[in-house]
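Working notes, beginning with the structure itself.
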Amino acid sequence: MAYVKTALPEAGALSMLGQRWRHLDKSSWVWVVAIIVLLFLVVNPLARLFIVSFQDSGGAFTFENYLSAYSRLRNLEALGNSLVLGVSSGVTCLLFGVPMAWALSRTDMPFKGIIWISILGTFIIPPYLGAVGWILLAGPNAGWLNRAAVALTGAEHGPFNIYSMPGLVLVVACYSFPYVFVLTKSALDLISSEMEDAANILGASNLRTTLLITLPLVLPAILGAFILVFLEAIALFGSPALLALPGRFHVVTTQLWQFFEFPPKVGVASAYAMPLLIITIVLFWVQRRITGRKGYVSLTGKGGERREVPLGPWKWVVLAYCLFVCTLSFFMPLVVICQAAFAKAWGRGFSLDNLTFNNVYRTVFDNELTRTATLHTFLYAGTASLIAIVLALCVAYVVNRGLVSKQVGNALSFLTMAPFVVPGIVLAIGFYAAYTHPPLLLYGTAWILILAFATRFLPIAYVNSNAAIRSINPELEDAVRVLGGSRFTAIWHVVMPLLKRSLAGAFILVFIPATRELSTAIFLYSINTQVLSVLLFDKSDEGNFESLASIGLVLVVITVALILIGFRLMGRDFMLRRTAA
Numbered sequence: 053m054a055y056v057k058t059a060l061p062e063a064g065a066l067s068m069l070g071q072r073w074r075h076l077d078k079s080s081w082v083w084v085v086a087i088i089v090l091l092f093l094v095v096n097p098l099a100r101l102f103i104v105s106f107q108d109s110g111g112a113f114t115f116e117n118y119l120s121a122y123s124r125l126r127n128l129e130a131l132g133n134s135l136v137l138g139v140s141s142g143v144t145c146l147l148f149g150v151p152m153a154w155a156l157s158r159t160d161m162p163f164k165g166i167i168w169i170s171i172l173g174t175f176i177i178p179p180y181l182g183a184v185g186w187i188l189l190a191g192p193n194a195g196w197l198n199r200a201a202v203a204l205t206g207a208e209h210g211p212f213n214i215y216s217m218p219g220l221v222l223v224v225a226c227y228s229f230p231y232v233f234v235l236t237k238s239a240l241d242l243i244s245s246e247m248e249d250a251a252n253i254l255g256a257s258n259l260r261t262t263l264l265i266t267l268p269l270v271l272p273a274i275l276g277a278f279i280l281v282f283l284e285a286i287a288l289f290g291s292p293a294l295l296a297l298p299g300r301f302h303v304v305t306t307q308l309w310q311f312f313e314f315p316p317k318v319g320v321a322s323a324y325a326m327p328l329l330i331i332t333i334v335l336f337w338v339q340r341r342i343t344g345r346k347g348y349v350s351l352t353g354k355g356g357e358r359r360e361v362p363l364g365p366w367k368w369v370v371l372a373y374c375l376f377v378c379t380l381s382f383f384m385p386l387v388v389i390c391q392a393a394f395a396k397a398w399g400r401g402f403s404l405d406n407l408t409f410n411n412v413y414r415t416v417f418d419n420e421l422t423r424t425a426t427l428h429t430f431l432y433a434g435t436a437s438l439i440a441i442v443l444a445l446c447v448a449y450v451v452n453r454g455l456v457s458k459q460v461g462n463a464l465s466f467l468t469m470a471p472f473v474v475p476g477i478v479l480a481i482g483f484y485a486a487y488t489h490p491p492l493l494l495y496g497t498a499w500i501l502i503l504a505f506a507t508r509f510l511p512i513a514y515v516n517s518n519a520a521i522r523s524i525n526p527e528l529e530d531a532v533r534v535l536g537g538s539r540f541t542a543i544w545h546v547v548m549p550l551l552k553r554s555l556a557g558a559f560i561l562v563f564i565p566a567t568r569e570l571s572t573a574i575f576l577y578s579i580n581t582q583v584l585s586v587l588l589f590d591k592s593d594e595g596n597f598e599s600l601a602s603i604g605l606v607l608v609v610i611t612v613a614l615i616l617i618g619f620r621l622m623g624r625d626f627m628l629r630r631t632a633a
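In our numbering, the protein residues as written are 53 to 633.
Structure, rendered in structure tokens:
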């Protein structure tokens, strides 16, 4: 009898635990796992970055890293150069992007489709590949533009030198102005023509109306775009590495790369990266505050009609300007890259006897290094995209369905969006500091690149997943729960089928930048995990522009194929529309 008396409470306890487990909402584990993963991907690398900046090689506390980072004039000059690059690129992007946005949104300029496709093409070309195109165009002596100028004028040397600060500013602006274009055009599309019509009735010309009425209404969007371009410029690595180093000057990102020459000075690099991180966080906050203001949206009871401004003969001048910008950013670089990819020797020019398909054939089929790097690129980018989408979707669902408190939901959203304000090169240093030592030794493996890519582009996945979840009425899931189904049943059979197209578009938007990410990969790759972006950078040092151009062309063609799939799934402007979001 004693045996029975002791066994019954144990059986009852087990039965009670079983009942509690059956009635427990298993979805509560999702946000717990999400927090753990976010701590691993976001918090730990940034915390290690901060801690390592105050540690010596033995782990003791020290300020020596900061003294080493900021006591040399060369390092301070690099900081100054980055500020000059950011401001100059931002101003140039405004000169490029704002008139084009106004022309496409508010005027009767012809051939808008060509301009739109050209801007999308500028999005497709990786900035460092665009820099290669400009090396072929405006390299001292050998560049096509310099050779043409020498042939026309008879001068000994051409006037252009892409290995200079003005050259770097031009290249960065050519591949950053689409941000200004998208944000400004999105704001212009929200404004009706009523106030412009009123100004015209009172005798104002189209130019005066545009300068005093239209542009002030979108000024918050323009200022926000300027800050975004500034942050993009100071955090960029590929173009400065290709153009600034041969020009014998440094910016912050190239100086950080120098700190990683053997033996790597991780502590000094971490200390030197702190101003870049702080500036980015502060300016991003300012940018959000500016664009968060809705003063540029006309507050009327109805939407208001938007009428195109008739430019008369000036529409051809505006078209010429738009074509000029697109020629600088898209047409000329693409032409010379294609010429180099299909040339025996790119310097021999355009001729049939110089035409060859061997470069592309070797890149795709014969070159083992290129084939391995291509496989790594798409394998790593695909895995990173899946991780980012799954994590972002879990967080978005938990937050939007109120499965956690508001404070926990805000924390999850903040951690998921935090990588957006962290430059890729700073994130890479954080990953290097966090995962090059036991117990989490990931350096030298594919996983450090995959997880860094997933973290880098997690905000893109979250923004799209969040918008997709919010578009689904929760009553559909409630109906499944009422009929006895679990939450996971509702998610799998109701939510997921409705999200397929949105998630496919989000996957492409994460996959494309992951395939061409250089700032993160250059610090974390090893000899066995090389990707195409790093291979392109290495080829530029060799001066083998034919091979380099063919690799870049293959990458562009694959990107175009992915975008065409995105067009099919999400509409023709899905990249520009979602980038604006």
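All C-beta atoms in this analysis are idealised placements derived from N, C-alpha and C, irrespective of residue type, glycine included.
Asked: Best match in G132, F483, V532 for proximity to S571 [C-alpha to C-alpha]; Found: F483
Asked: Test item: CB-CB of W607 and L588 under 9 Å; Found: In the sequence as presented, Trp is not what sits at residue 607; that position holds Leu. Yes, they are a contact pair.
Asked: Coarse secondary structure for A395, derived from DSSP in three states; Found: strand
Asked: Anticipated Cβ contact below 8 Å, A573 with S592, distance rounded; Found: Not a contact, Cβ separation roughly 15 Å.
Asked: Run of the alpha helix (DSSP H) containing K458, from where it starts to where it stops; Found: 458–469
Asked: CB contact flag (A444, S517, <9 Å); Found: yes
Asked: Where Q582 sits in the DSSP three-state scheme; Found: coil
Asked: Exposed unless 16 or more other CB atoms sit within 10 angstroms - verdict on N525; Found: exposed
Asked: Of the listed residues W309, S141, A513, nearest to N127 (C-alpha basis); Found: W309
Asked: Nearest neighbour of L280, chosen from P385, P218, Y487, V139 [CA to CA]; Found: V139
Asked: Collapsed DSSP secondary structure at F11 in the structure displayed; Found: Within the shown structure, residues of the chain are numbered from 53 to 633, placing residue 11 beyond reach of any answer.
Asked: Opening and closing residue of the alpha helix (DSSP H) in which S47 lies; Found: Only positions 53 to 633 of the chain appear in the structure, and residue 47 is not among them; the question remains open.
Asked: Nearest-angstrom Cα separation, counted from V583 out to R124; Found: 34 Å
Asked: DSSP three-state assignment for F383, whether helix, strand or coil; Found: helix
Asked: Unbroken stretches of the beta strand (DSSP E), 3 residues or longer, contained in the stretch 277–334; Found: none
Asked: Length of the line joining the Cα atoms of P362 and L172; Found: 26 Å
Asked: Beta-carbon proximity of A566 to F466, cut-off 9 Å; Found: no
Asked: Reduced DSSP secondary structure (H/G/I, E/B, other) of F106; Found: coil
Asked: C-alpha distance - G401 paired with I389, whole-angstrom precision; Found: 12 Å
Asked: Under the three-state DSSP convention, the category V361 falls into; Found: strand
Asked: Cβ neighbours of L329 in the same chain (closer than 6 Å, five flanking residues each side left out); Found: V478
Asked: Beta-ladder partner(s) of L407, from DSSP; Found: A395
Asked: Boundaries (first-last residue) of the alpha helix (DSSP H) holding A256; Found: Note, A256: premise wrong, no alpha helix (DSSP H); not H, not E.
Asked: F113 - partner residues in DSSP beta bridges; Found: Q107
Asked: Own chain, CB closer than 8 Å to F472, minus 5 neighbours either side, in chain order; Found: F336, P511
Asked: Beta-carbon proximity check, A285 vs V234, cutoff 9 Å; Found: no
Asked: Distance, L616 Cα to P298 Cα; Found: 37 Å
Asked: 9 Å Cβ cutoff met for W196 and C226; Found: no
Asked: Alpha-carbon to alpha-carbon, G618 and Y552; Found: Checking the sequence shown, residue 552 turns out to be Lys, not Tyr. Near 12 Å, if we compare the C-alpha coordinates of G618 and K552.
Asked: Nearest to I481 (by Cα), restricted to the options G364, K396, V320, G604; Found: V320
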